[in-house]
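Student: The structure that follows is given in the form of C-alpha cells.
Residue numbers (UniProt numbering): 1 to 181.
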C-alpha cells in the first residue's frame, strides 16, 4: 500500500506558513521544480488536515489554480481529517473524523503510489501514530520569523531521519528523507 509522505515548502527558519496561516509568502517561490513535478505523478491520494484544507492558498486570485492541489497540477482522492465536516459535499474530498480510518482509506486509494500528507498538525499526528514514512522539504530562501512550524511537538520528540536525496533549483533546495523507526 501507499507510502506516507509529508511534503512542504519551508522557510529557512522552519515555517511552512506565516502568522495566521498566511501562505502569500510562498507565491514567489513556486516555479519549475523537477523533484515536485516528478512527485506529483507518483501521488495516489492526499491526506489533509482541516486547517490546511480550509486555509490560505498561495494561488489566491488565480482562477485556474486557486483551491486546487499543487496549483491544479494534481487531481485525485483527498481525505480530510476533521471533526467539523462541511454541510455540503465537496467533489473528490472525503471528510473523516478518525486519523486511523483516514490513513487506511488514503492508502487503499493510493495503491502503490504515495499518500501525500499536507499540514503540519496532521503530519505530527501521523508521526505519533507510527505511520509517517518519508519527509520532503523544499527549503525556500526566505525567513518568516513566525508562523506555522514544519514540525512542532511541545516538549520535544526526536524524529530520526535518513537523507535520500538533495536537489537544487533556483528558488529552493529539496531535501528528501526516510523516517528511521
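A virtual CB, placed ideally from N, CA and C, is assigned to each residue, including glycine.
1) Of all the options 105, 7 and 11, which has the alpha carbon lying nearest to the alpha carbon of residue 146?
2) Quick check on the burial criterion: 16 or more other C-beta atoms within 10 angstroms. Buried or exposed for residue 143?
3) Using DSSP bridges, identify the partner residues of residue 15.
4) Label residue 49 either buried or exposed according to how many other C-beta atoms from any shown protein chain fall within 10 Å of its C-beta, with 16 as the threshold for buried.
5) Is the segment 93-108 in contact with the segment 11-26, if contact means three or more CB pairs nearer than 8 angstroms?
6) Whose C-alpha, out of 18, 13, 27 and 34, is nearest the C-alpha of residue 169?
7) Using a threshold of 8 angstroms, state whether the C-beta atoms of residue 45 and residue 85 are closer than that.
8) If you scan the segment 53-123 from start to end, which runs of the beta strand (DSSP E) of 3 or more residues do you find wholly inside it?
9) Are residue 118 and residue 52 close, meaning C-beta to C-beta below 8 angstroms?
10) Please confirm whether residue 30 and residue 116 have their CB atoms less than 8 angstroms apart.
11) Compute the distance between the beta-carbons of residue 102 and residue 131, then report whether it is under 8 angstroms.
12) With DSSP as the reference, label residue 127 as helix, strand or coil.
13) Determine the direct distance from the alpha carbon of residue 178 to that of residue 163, and round the result to whole angstroms.
14) Along the chain, where does the beta strand (DSSP E) that runs through residue 134 open and close?
15) How long is the line joining the alpha carbons of residue 41 and residue 152, rounded to whole angstroms?
Tutor: Quick look at the numbers:
1) Reading the chain shown from its first residue, position 146 is the one you call residue 146. Checking every option, the nearest Cα to that of residue 146 belongs to 11.
2) On the chain shown, residue 143 is found 143 positions in, with the first residue counted as 1. Classification of residue 143: exposed, given that the 10 Å Cβ count is below 16.
3) Along the chain shown, read from residue 1 onward, the residue named residue 15 stands at position 15. In the DSSP output, where bridge partners are listed per residue, residue 15 has 149.
4) Here residue 49 refers to the residue found at position 49 of the chain shown. Counting the other CB atoms within 10 Å of its CB gives residue 49 a total of 16 or more, which places it among the buried residues.
5) Judged by pairs of C-beta atoms under 8 angstroms, the segment 93-108 does not touch the segment 11-26, as fewer than three such pairs exist.
6) Taking the first residue of the chain shown as position 1, residue 169 is located at position 169. It is 34 whose Cα lies nearest to the Cα of residue 169.
7) Taking the first residue of the chain shown as 1, we reach residue 45 at position 45. Taking the first residue of the chain shown as 1, we reach residue 85 at position 85. No. Outside cutoff.
8) 78-81, 93-96 and 114-118
9) By 1-based counting over the chain shown, the position of residue 118 is 118. By 1-based counting over the chain shown, the position of residue 52 is 52. Taking 8 angstroms as the Cβ cut-off, residue 118 and residue 52 qualify as a contacting pair.
10) Mapped onto the chain shown, residue 30 falls at position 30. Mapped onto the chain shown, residue 116 falls at position 116. No Cβ-Cβ contact shorter than 8 angstroms links residue 30 with residue 116.
11) In the chain shown, counting from the first residue as 1, residue 102 sits at position 102. In the chain shown, counting from the first residue as 1, residue 131 sits at position 131. Not in contact: residue 102 and residue 131 (Cβ atoms no closer than 8 angstroms).
12) Working through the chain shown from its first residue, we reach residue 127 at position 127. In the structure shown, residue 127 sits in a helix (DSSP, three-state: H, G or I).
13) For the purposes of this step, residue 163 is taken as the residue at position 163 of the chain shown. For the purposes of this step, residue 178 is taken as the residue at position 178 of the chain shown. Residue 163 and residue 178: Cα-Cα distance of roughly 6 angstroms.
14) Working through the chain shown from its first residue, we reach residue 134 at position 134. Here the beta strand (DSSP E) through residue 134 covers 134-140.
15) As a first step, residue 41 must be located in the chain shown, where it is residue number 41. As a first step, residue 152 must be located in the chain shown, where it is residue number 152. Each residue's Cα considered, the two are about 29 angstroms apart.
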